[in-house]
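Everything below concerns the one structure shown next.
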Ligand code: UDP
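Here it is in structure tokens:
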């Protein structure tokens with residue numbers, strides 16, 4: 006496999022693990038995502054993953070129902086740890102297992118290692134898949150922001166935002182049948198046109214650290230491999246309109 010990137014940060018939304026369910030985790034989906042991750046790991050790519058928790062709990066929902074926002078966010082962060090452990094288990098139970106480490110930003114040493122930046126980098130150098138759980142450890146943030154933060158910390162060359170939409174559009178494709186998908190965008194264009202790529206905190210971190218973002222549909226089999234090979238899938242956002 007002719008890979009474009011040597012070290013990537015893969016952001017998996019919680020919803021991506023849900024499949025067709027309305028809540029929780031679909032084991033078949035987790036298995037197929039694991040197989041795709043295994044394929045790129047075997048081709049030598051260093052893979053770090055940030056998992057979301059929206060398939061289980063979102064802080065905003067708790068706050069809307071009257072909970073204290075910070076408390077609700079901590080519950081959301083703990084939800085991401087469930088997803089991280091699920092993904093770890095799936096990767097390590099493949100016929101040809103992939104070794105992983107879950108590192109959490111909220112210490113829970115009985116189930117996972119604490120997040121230590123240098124240790125994360127060491128694991129990656131040793132070709133272990135690093136799964137970051139518990140978001141950034143701080144309420145009022147998101148796992149997209151965590152992806153940008155950890156991506157910058159580990160010197161990831163790119164952030165793959167693997168989700169359930171196939172890129173960034175000029176208008177909502179569900180409402181407008183003529184909506185156009187962008188193949189390439191600059192950071193400045195995203196900001197000028199107020200396009201939704203990530204939340205603004207996450208996006209700003211990527212822009213300031215010049216980390217490109219590739220948004221693509223995880224439901225299409227083979228998309229992680231295509232993204233790592235630099236094929237033009239989804240939408241590429243970067244400092245210049247580089248052809249990816
Ligand atoms: N969260 C948080 N701080 C972080 C990351 C996540 O408080 O650094 C909480 C927040 O409540 C969020 C929830 O964890 O709603 C789940 O994460 P997110 O919504 O980003 O997951 P996704 O949408 O990717 O599934």
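In the working numbering, the protein residues as written are 6 to 249. Ideal Cβ positions, reconstructed from N, Cα and C, are used throughout, including at glycine.
Open item on the list: Taking the alpha carbon of residue 122 as the reference point, which residue from 182, 136, 113 and 116 has its own alpha carbon closest?
Closed with: Within the chain shown, numbered from 1, the residue matching residue 122 stands at position 117. If we check each option's Cα against that of residue 122, 136 comes out closest.
- [ ] Look at residue 35 and residue 15 and say whether their C-beta atoms are less than 8 Å apart.
- [x] On the chain shown, position 30 is the one that residue 35 refers to. On the chain shown, position 10 is the one that residue 15 refers to. Against a cut-off of 8 Å, the Cβ pair of residue 15 and residue 35 comes out as no contact.
Open item on the list: Suppose contacts are defined by Cβ-Cβ distances below 8 Å. Is residue 167 in contact with residue 211 by that definition?
Closed with: Taking the chain shown and counting its residues from 1, one reaches residue 167 at position 162. Taking the chain shown and counting its residues from 1, one reaches residue 211 at position 206. Cβ distance not < 8 Å, so residue 167 and residue 211 don't count as in contact.
Open item on the list: Tell me the DSSP secondary structure of residue 223 in three-state form.
Closed with: One-based indexing of the chain shown puts residue 223 at position 218. Three-state DSSP puts residue 223 in coil, outside helix and strand.
Task: Distance, residue 223 Cα to residue 151 Cα - done: Numbered from its first residue, the chain shown carries residue 151 at position 146. Numbered from its first residue, the chain shown carries residue 223 at position 218. Roughly 19 Å separates the two Cα atoms.
Open item on the list: Threshold first: 4 residues or longer. Then list the alpha helix (DSSP H) segments lying entirely within the region 101-154, N to C.
Closed with: 122-130
TODO: Could you name the residues of the same chain whose beta carbon sits closer than 7 Å to that of residue 141, not counting the 5 residues immediately before and after it, in chain order?
DONE: As a working mapping, residue 141 is identified with position 136 in the chain shown. Around residue 141: 110, 150, 151 and 154.
TODO: Identify every run of the beta strand (DSSP E) within the region 12-41, keeping only runs that are complete inside it and at least 3 residues long; order them along the chain.
DONE: 12-17
Open item on the list: Is residue 149 a contact residue of the ligand UDP, with contact defined as CB to any heavy atom under 7 Å?
Closed with: Translated into positions along the chain shown, residue 149 becomes position 144. Yes, the ligand UDP has a heavy atom inside 7 Å of this Cβ.
Task: Any 3 or more C-beta pairs closer than 8 Å across the region 189-204 and the region 41-55 - done: no
TODO: Could you tell me whether the region 95-107 touches the region 123-134, where touching means 3 or more Cβ pairs closer than 8 Å?
DONE: yes
- [ ] Measuring alpha carbon to alpha carbon, tell me which of 56, 165 and 92 ends up nearest residue 81.
- [x] The count along the chain shown starts at 1 and reaches residue 81 at position 76. Taking only the C-alpha atoms, the option nearest residue 81 is 56.
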